[in-house]
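Under mature numbering (1 follows the signal peptide of the UniProt record, and there is no 0), the letters of the sequence shown match residues -19 to -1, 1 to 330, in that order. Backbone N, C-alpha and C define an ideal beta-carbon position, used for all residues, glycine too.
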Amino acid sequence: MITIHIQILLIILFWNSDCQIIPRIEECGLSCSQGIHCKSKPSSGIFNSFCHDAPASLSSMVLKSMKISTVMKCVPGSPCSLHLNIKGTLSLDENIRGLEICSLSLDTQQSQCTNVRFARKKSKMLNGKKVQIQFNCIEVNVAQHIYVTMKTVPNYCEVKLSQEYYVEARKFDYNVDRAKKIISVNVSNFLRDQDYYVRLCHKWFTCEDVGAFAVIKGKESLKSVSLKYSQLLPCLCIEGWLAIPDARRIQLCPFENGKYYTKALWDNIVYNPATQTLAWEPACPVLVMVNLCRLMKSNNHCEDIQNSTKNSSEKVKYSRVDTHPRLCVKFTTNQGSWVKCPFAHGEFP
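As structure tokens, then:
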């Protein structure tokens, strides 16, 4: 049995994609450096939505270095949940009473805002000092597209940080068993009680189904499924998504490299004897130059037939074709050339 084992890590945490383990917390909260006492309360965001000019003494760089990551809140006896971990640096100033941190789901347009206030006496004593703020109580879902803003209170124009963030937390391991034509997919970094869908698909403009999708149950300890395939093609992809409405889908297409540009791509040749039409339709989207050629007896070289070249990524047709055993079709891509001779072995009448 020939088995290929490949591990692909799919943890996309905005720019911090090298992070392999999602940190776990038992409680969410707010913290401020420099020993400054700060507190938070929910905010509608309406009263701080309009900005006004900052005092001349206030630098636009008073607020900087916002960083976003994901943490997993796990309380014993309860399902785990994902939270945004938002950090920023503020230079304390007598003109600033606090911060407002907001998140907007670009999928649902739902927003959450939190108002952060400092103890005024302590903050005045540290005027000009930099304080680091960390807040991790905004709950999110896997595959959400989030827009995060951080601005001062009062809201000064040009003193604002914003960033888009994709919430992902999936690790795909997969095995390819060529003998049985099965791809086994294992999903880790999994939130309990949330089901997950996995399927194989052929990637065209959209990813088209190749058989039924499989369900990985969140409550089950085994997080793997086996999916059958017919051919390993460059456009064969593994697609996974959370079992919630409008969940963002993750695609992994591990067979895109050149060695999977095999003869299977060129097998779909059809001849219609009634119209003498020879046609080929690609199994995958591939930019290819197609032409007819004659297979030479002397050296098995296939000599191109003039005016038969077609450049296409879709169906190719030739009319009034002579069914000679040495009439062949040549396919040329940037990965190489392949020759198919459909009448050589009596495949067509």
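heavy atom of the ligand MN below 7 Å from residue i C-beta
i, result
"tyrosine 146", "Annotation note on the ligand MN: not contained in the displayed structure, which lists no ligands."
Residue i - DSSP class collapsed to helix/strand/coil
i, result
"leucine 11", "strand"
"threonine 313", "strand"
"leucine 308", "strand"
"asparagine 41", "The identity of residue 41 in the sequence shown is serine, whereas the question assumes asparagine. In the structure shown, serine 41 sits in a helix (DSSP, three-state: H, G or I)."
"leucine 268", "coil"
"alanine 228", "coil"
"lysine 244", "helix"
Close Cβ partners of residue i (< 8 Å) along its chain, the five nearest in sequence each way excluded
i, result
"cysteine 41", "Looking at the sequence itself, residue 41 is serine, so the reference to cysteine does not match. The answer, listed in chain order, is Ala35, Glu139, Val140."
"histidine 33", "Pro135, Asn136, Tyr137, Cys138"
"lysine 162", "Lys209, Tyr210, Ser211"
"lysine 110", "Gln15, Ser72, Leu73"
"threonine 314", "Tyr242, Val267, Leu268, Val269, Met270"
C-beta atoms of residue i and residue j nearer than 8 Å
i, j, result
"lysine 296", "isoleucine 250", "no"
"asparagine 122", "histidine 64", "no"
"tyrosine 252", "leucine 273", "no"
"lysine 132", "glutamate 81", "yes"
"residue 390", "glutamine 115", "Because the chain here runs from -19 to 330, residue 390 falls outside it and cannot be looked at."
"glutamine 91", "cysteine 83", "no"
"glutamate 145", "cysteine 188", "no"
"methionine 47", "isoleucine 67", "yes"
"glutamine 125", "valine 148", "yes"
"phenylalanine 194", "tyrosine 177", "no"
"asparagine 167", "serine 207", "no"
"leucine 107", "isoleucine 49", "no"
Length of the line joining the Cα atoms of residue i and residue j
i, j, result
"aspartate 190", "cysteine 182", "5 Å"
"tyrosine 128", "leucine 85", "5 Å"
"serine 165", "threonine 290", "41 Å"
"glycine 58", "alanine 224", "23 Å"
"cysteine -1", "glutamine 232", "Low confidence applies to cysteine -1: its pLDDT is 33, below 50, so where it sits in the model is not reliable, and the reading given next is rough at best. Going by the C-alpha atoms only, they are around 19 Å apart."
"serine 14", "lysine 45", "15 Å"
"residue 332", "leucine 142", "The structure shown does not extend to residue 332, since the chain spans only -19 to 330, so no value can be given for it."
"glutamine 316", "leucine 214", "14 Å"
"lysine 311", "phenylalanine 153", "38 Å"
"cysteine 234", "isoleucine 197", "20 Å"
"threonine 130", "glycine 10", "18 Å"
"glutamate 8", "threonine 95", "17 Å"
"tryptophan 222", "asparagine 281", "49 Å"
"serine 25", "aspartate 227", "25 Å"
Own chain partners of residue i with C-beta closer than 6 Å, once the 5 adjacent residues on each side are dropped
i, result
"valine 302", "Gln257, Leu259"
"tryptophan 185", "Pro266"
"glutamine 113", "Ser14, Thr70"
"leucine 87", "His126, Tyr128"
"arginine 307", "Arg275, Leu276"
"alanine 325", "Pro306"
Proximity test, Cβ basis, 8 Å: residue i and chain B
i, result
"leucine 273", "Note that chain B does not occur in the displayed structure, where there is just one protein chain."
Other residues of its chain near residue i: CB distance less than 7 Å, five sequence neighbours each side excluded
i, result
"glutamate 284", "Cys274, Arg275, Met277"
"glycine 79", "Asn96, Val97, Arg98, Phe99, Val134"
Q: Would you check if the region 157 to 167 and the region 49 to 69 touch, i.e. whether three or more CB-CB distances between them fall below 8 Å?
A: As far as the Cβ criterion goes, the region 49 to 69 does not touch the region 157 to 167, which means the pair count is below three.
Q: Would you check if the region 290 to 305 and the region 263 to 270 touch, i.e. whether three or more CB-CB distances between them fall below 8 Å?
A: yes
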